[in-house]
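Residue numbers (our numbering): 17 to 101.
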């Protein structure tokens with residue numbers, strides 16, 4: 017959803033944006049599920065110094081994305097336990 021919002025700010029047509037977002041998510045998932053390497057190695061392999069992925073990751077780190085994601089997953093796990101799931 018956020019990726020689609022970002023695409024809209026770049027004036028990408030919705031259909032093109034949806035294809036790009038889905039391909040990005042599918043590609044990352046396929047890479048992770050088909051690899052023997054841990055996620056940090058895979059990230060290093062696709063992150064060229066000074067490249068687009070590096071620029072995006074820098075913004076995510078500056079904004080606290082990693083800790084927010086960790087906290088969100090922990091909150092979901094706690095709630096799952098409360099619900100008895």
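Note that CB positions come from ideal geometry on N, CA and C, so glycine has one too.
Proximal residues to residue i (C-beta, below 7 Å), its chain only, five neighbours per side dropped
i	result
residue 47	58
residue 51	58
Contacts around residue i, its chain only, beta-carbon distance under 8 Å, and the 5 residues preceding and following it disregarded
i	result
residue 20	30, 33, 34 and 37
Reference residue i; option with closest CA among the options
i	options	result
residue 82	56, 62, 99 and 42	56
residue 40	53, 27, 26 and 62	62
Contacts around residue i, its chain only, beta-carbon distance under 6 Å, and the 5 residues preceding and following it disregarded
i	result
residue 44	none
residue 84	none
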